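J.:
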Amino acid sequence: MILILSANQETTTNEVIKWLKTLGKAFIRVHEDEIFEIKVYQNKILLQSQRNRFFIEDITSVWYRRGGLQFMRKKYDNPSINSYMNETQYWLEDYVIKMLETKRHINKQSNSHLNKLLVLEQAKKVGLKVPKYYLAENTDQLLVNRTITKSIAENIILKSIGDFSESILYTSLVTEKEKESFFITFFQELIEKDFEVRAFYIHGKIWATAIFSQNDKKTQLDHRKYNHEVPNRNVRYNLPKEIEEKIHILMMQLDINCGSLDFIKNKNDFYFLEINPVGQFLGLSAICNYLLEKEIAEYL
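Just so we're aligned, residue 105 is where the sequence shown starts under my numbering, counting upward by one.
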């Protein structure tokens, strides 16, 4: 039985499930709003929510897409007992999650969030080129029109900003200096690009796509600022073997077996930007006919 941890109505999950059904593979899909009780039945650990009920030992593989297992905790009137039992329940929950992660898996709930700064440091250690970057509270040393800024945080979607219900933090070019200091911010050298490369990695295999975003002012700095009227051209691309080998080493050292990696191609160099373990890949999969959703279903 395959266990899928995902968000409600998440499109990528839906597409993989279509292939699981085609391949005749049994699965359980857990949504992010499900709350599980941990029970024991005939010496076997049973997880039960209002939607699902399964034994850990019946799970053969796990795909962590988004969300994750959440658990119901018992509370006690005595503060001392409640504190002790809260810790006891935490370790029981940790045991359940870690036991599931010993199964054949794609990504893990326990390390699903990456520290972008540490990833950049690790990328440099494995030999990947990384644009020069630094943290600062002011723009005193900044080179105007030669420096970009982007979010340190993983979540780049802000709710209820001004008149908008949602706003996205995009990569931005710094065109002028600030007079006042501000909260510690990430700055990075602007690299002129021939094109961008999005590489999808799963268990040592890589599928790459060249994204020709540099010729459109709207997408020059961040291809996610989609131009729906004149979309960027995307084509299949083969990264050099030495870059693929370094990607594999980086992913192994970070203990991540699936994700999307972004690069900038500049002349003969490839500059690593970031990893997104749960990023969207359906669009590039369809354009390049990679059938990555089938690849995931077959692996599971």
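Glycine residues also receive a C-beta, built at the ideal position from the N, C-alpha and C atoms. Computed from a prediction, not measured in an experiment: that's the story for all the values here.
Hey, is residue 149 close to the ligand ATP, as in C-beta under 7 Å from one of its heavy atoms?
T.: The ligand content of the structure shown is nil, which means the ligand ATP is not present either.
J.: Using alpha carbons as the reference points, say which of 318, 180, 354 lies closest to residue 306.
T.: In the sequence shown, residue 306 corresponds to position 202, counting from 1. The candidate whose alpha carbon is nearest that of residue 306 is 354.
J.: Just reading off the beta strand (DSSP E) that residue 209 is part of, what are its end residues?
T.: Residue numbering aside, residue 209 sits at position 105 when the sequence shown is read from its first letter. Residues 208–210.
J.: Note down the Cα distance separating residue 113 from residue 285, rounded to an integer number of angstroms.
T.: Residue mapping note: residue 113 aligns to position 9 of the sequence shown, counting from 1. Residue mapping note: residue 285 aligns to position 181 of the sequence shown, counting from 1. Roughly 42 Å between the two C-alpha positions.
J.: Which residue wins for smallest C-alpha separation from residue 163, given the options 138, 134, 177?
T.: In the sequence shown, the residue the question calls residue 163 occupies position 59. For residue 163, the nearest C-alpha among the options comes from 134.
J.: Can you give the beta carbon distance from residue 295 to residue 351, rounded, assuming they're within the 8 Å contact cut?
T.: For the purposes of this step, residue 295 is taken as the residue at position 191 of the sequence shown. For the purposes of this step, residue 351 is taken as the residue at position 247 of the sequence shown. Residue 295 to residue 351, Cβ: 18 Å. No contact.
J.: Which residue wins for smallest C-alpha separation from residue 398, given the options 253, 111, 129?
T.: As a working mapping, residue 398 is identified with position 294 in the sequence shown. Here the closest residue by C-alpha is 129.
J.: Would you decide whether residue 115 is buried or exposed? Buried here means 16 or more other CB atoms lie within 10 Å of its CB.
T.: One-based indexing of the sequence shown puts residue 115 at position 11. With fewer than 16 other Cβ atoms within 10 Å, it is exposed.
J.: Find the nearest neighbour of residue 382 within the set 139, 213, 191, 143, judged by alpha-carbon distance.
T.: Within the sequence shown, numbered from 1, the residue matching residue 382 stands at position 278. Nearest option by C-alpha distance: 213.
J.: Look up residue 363 in the DSSP assignment and give the residues it is bridged to.
T.: In the sequence shown, the residue the question calls residue 363 occupies position 259. The partner list for residue 363 (beta bridge, DSSP) reads 305.
J.: Three-state secondary structure (DSSP) at residue 181?
T.: The sequence position of residue 181 within the sequence shown is 77, counting from 1. In the structure shown, residue 181 sits in coil (DSSP, three-state: anything other than H, G, I, E or B).
J.: Helix, strand or coil for residue 216 per DSSP?
T.: Position 112 of the sequence shown, counted from the first residue, corresponds to residue 216. Looking at residue 216 - three-state DSSP - the assignment turns out to be coil, as it is neither helix nor strand.
J.: Please report the residue range of the beta strand (DSSP E) in which residue 240 lies.
T.: To locate residue 240, count along the sequence shown from 1; it is residue 136. First-last of the beta strand (DSSP E) with residue 240: 237–240.
J.: Taking the CB atoms as reference points, tell me whether residue 290 and residue 251 lie closer together than 8 Å.
T.: Numbered from 1 along the sequence shown, position 186 holds the residue referred to as residue 290. Numbered from 1 along the sequence shown, position 147 holds the residue referred to as residue 251. No.
J.: Note down, in chain order, each residue of its chain lying with its Cβ closer than 7 Å to the Cβ of residue 231, except the 5 sequence neighbours on either side.
T.: For the purposes of this step, residue 231 is identified with residue 127 of the sequence shown, where counting begins at 1. Closer than 7 Å at Cβ, skipping near neighbours: 350.
J.: Whose CA, out of 126, 348, 225, lies closest to the CA of residue 374?
T.: Your numbering for residue 374 matches position 270 in the sequence shown. Out of 126, 348, 225, 348 has the C-alpha closest to the C-alpha of residue 374.
J.: Since residue 237 and residue 292 are thought to touch, with beta carbons under 8 Å apart, how far apart are those beta carbons, to the nearest angstrom?
T.: As a working mapping, residue 237 is identified with position 133 in the sequence shown. As a working mapping, residue 292 is identified with position 188 in the sequence shown. About 4 Å separates the two Cβ atoms, so the contact holds.
J.: Could you pull the DSSP bridge partners for residue 369 from this structure?
T.: Sequence index remark: in the sequence shown, residue 369 carries index 265 (1-based). According to DSSP, which records beta bridges pairwise, residue 369 is partnered with 299, 374.
J.: With respect to the alpha helix (DSSP H) encompassing residue 249, which residues constitute its N-terminal and C-terminal limits?
T.: Mapped onto the sequence shown, residue 249 falls at position 145. Element bounds for residue 249: n/a, residue is neither H nor E.
J.: What's the call for residue 315, buried or exposed, on a 16-neighbour Cβ count within 10 Å?
T.: Here residue 315 refers to the residue found at position 211 when the sequence shown is read from its first residue. Per the 10 Å Cβ criterion, buried.
J.: Once the 5 residues before and after residue 370 are set aside, which same chain residues still bring their CB inside 7 Å of it?
T.: As a working note, residue 370 is residue 266 in the sequence shown. Taken in chain order, the residues that qualify are 295, 296, 297, 298.
J.: Where residue 208 and residue 124 are concerned, what is the direct C-alpha to C-alpha distance, given to the nearest angstrom?
T.: Looking up residue 208 in the sequence shown gives position 104. Looking up residue 124 in the sequence shown gives position 20. Roughly 16 Å between the two C-alpha positions.
J.: Along the chain, where does the alpha helix (DSSP H) containing residue 118 start, and where does it finish?
T.: Translated into the one-based positions of the sequence shown, residue 118 becomes position 14. Here the alpha helix (DSSP H) through residue 118 covers 115–126.
J.: If you check the beta carbons only, do residue 378 and residue 223 fall under 8 Å apart?
T.: Working through the sequence shown from its first residue, we reach residue 378 at position 274. Working through the sequence shown from its first residue, we reach residue 223 at position 119. Contact: yes.
J.: Residue 190 and residue 177 - do their beta-carbons sit closer together than 8 Å?
T.: Stepping through the sequence shown from its first residue, residue 177 is reached at position 73. Stepping through the sequence shown from its first residue, residue 190 is reached at position 86. The answer is yes: Cβ separation under 8 Å.
J.: Among the candidates 140, 159, 145, 395, whose CA atom is the shortest distance from the CA of residue 153?
T.: The residue you call residue 153 lines up with position 49 of the sequence shown. Minimum Cα distance to residue 153 is reached at 140.
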